[in-house]
Each structure stands twice: as structure tokens, then as C-alpha cells.
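In my numbering, the protein residues as written are 1 to 143. Before any comments, here is the structure.
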């Protein structure tokens, strides 16, 4: 199980992409999956690597390296009330962030594969971006 119910939040009003990433990180922090420094590393990773964290239309998957403060494997799920735009990618308004924390690269890739399988289904993707059913999200993202 990677997603805890307390790591799910709907309709967050983010000031900008940094605020959105910080909130996705706080959900992981509250679940005990990361340290505070991991949140800063997530933001730094977006600034350094840019748009590769934008994994589908409207969806970002912010994360950092395991050594940046991952304590256990975890996922956070955050929908935004108002879209935000990430650096170098102002044509993809983001309304869903799936934060990822992994204690090693093998687990990181496994979590990314689970998310990719869900996100490649257009119907499921639209449902993910618009639903506010904690139980549904919990079961879907826990594989």
C-alpha cells in the first residue's frame, strides 16, 4: 500500500506550481513518508529538470531522489481548484498532482509503472482529475 487516505486532498487552492508541489509534499510528510527536506528537493527537481514531471495532460508527478529524504514508500493525490502552470510548459494547465516518495529506485519505478498504467486510459484519467471519492482513489492507486 502506497497511498494513505490522509494523503488524499481535493480542491486545493494553490497560489502557483510551487505551492501545489509543496502541498503534495505536505501530504506525504503528514503520512510519515518523507522529511521536510524532501519537499524542497521536489521543488528543486522541477526547477532543474522542468517538464518531465508532467506525465499526462493536466497531471504532474512531483518527486525527488530517495536520498533526498524519503523515509518510506508513499503516494499523495492532490486535485487543484484552479490550474497551475509548471516552468517551460505553459500549454499544460495542471489540476492533478500525484506526489511520489520511494526509498529506492526499484520501488520508484514500480510506483511510476502503476501510475502510468492508470494515466494512459483517457476515461480513467478524466475521472481521476474530476472525482472527489476518497475510497475510489485509495483503491485505484494502491494497485
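For every residue, glycine included, the Cβ atom is placed at its ideal position computed from N, Cα and C. Just so we're clear, the structure is a prediction, and the values are computed from it rather than from any experiment.
- The Cβ neighbour count for residue 101, taken over all protein chains shown within 10 Å, is at least 16; the residue is labelled buried.
- In terms of Cβ geometry, residue 73 and residue 118 do not form a close pair [threshold 8 Å].
- Around the C-beta of residue 128, 16 or more other C-beta atoms lie within 10 Å, and the residue is accordingly described as buried.
- Listed in chain order, the beta strand (DSSP E) runs fully inside the segment 57-134 are 74-86 and 89-101, counting runs of at least 3 residues.
- Residue state for residue 2 is assigned as coil, using DSSP reduced to three classes.
- Sixteen is the threshold: when 16 or more other Cβ atoms of the shown chains lie within 10 Å of the Cβ of residue 77, as they do, the residue is buried.
- For the pair residue 87 and residue 55, the CB atoms are not nearer than the 8 Å cut-off.
- Within a 10 Å sphere around the beta-carbon of residue 95 sit 16 or more other beta-carbons, which makes this residue buried.
- In the DSSP assignment, the residues bridged to residue 12 are 80.
- Between residue 75 and residue 2 a beta carbon distance of about 4 Å is seen, short of the 8 Å cut, so the two are scored as contacting.
- Distance from the Cα of residue 19 is smallest, within the candidate group 66, 142, 122 and 85, for 85.
- Each residue's CA atom was taken as its position, placing residue 34 and residue 139 some 22 Å apart.
- Residue 58 counts as buried, since at least 16 other C-beta atoms from the protein chains shown sit within 10 angstroms of its C-beta.
- Separation of residue 40 and residue 142 (C-alpha to C-alpha, rounded to the nearest whole angstrom) is 26 Å.
- For the pair residue 13 and residue 79, the CB atoms are not nearer than the 8 Å cut-off.
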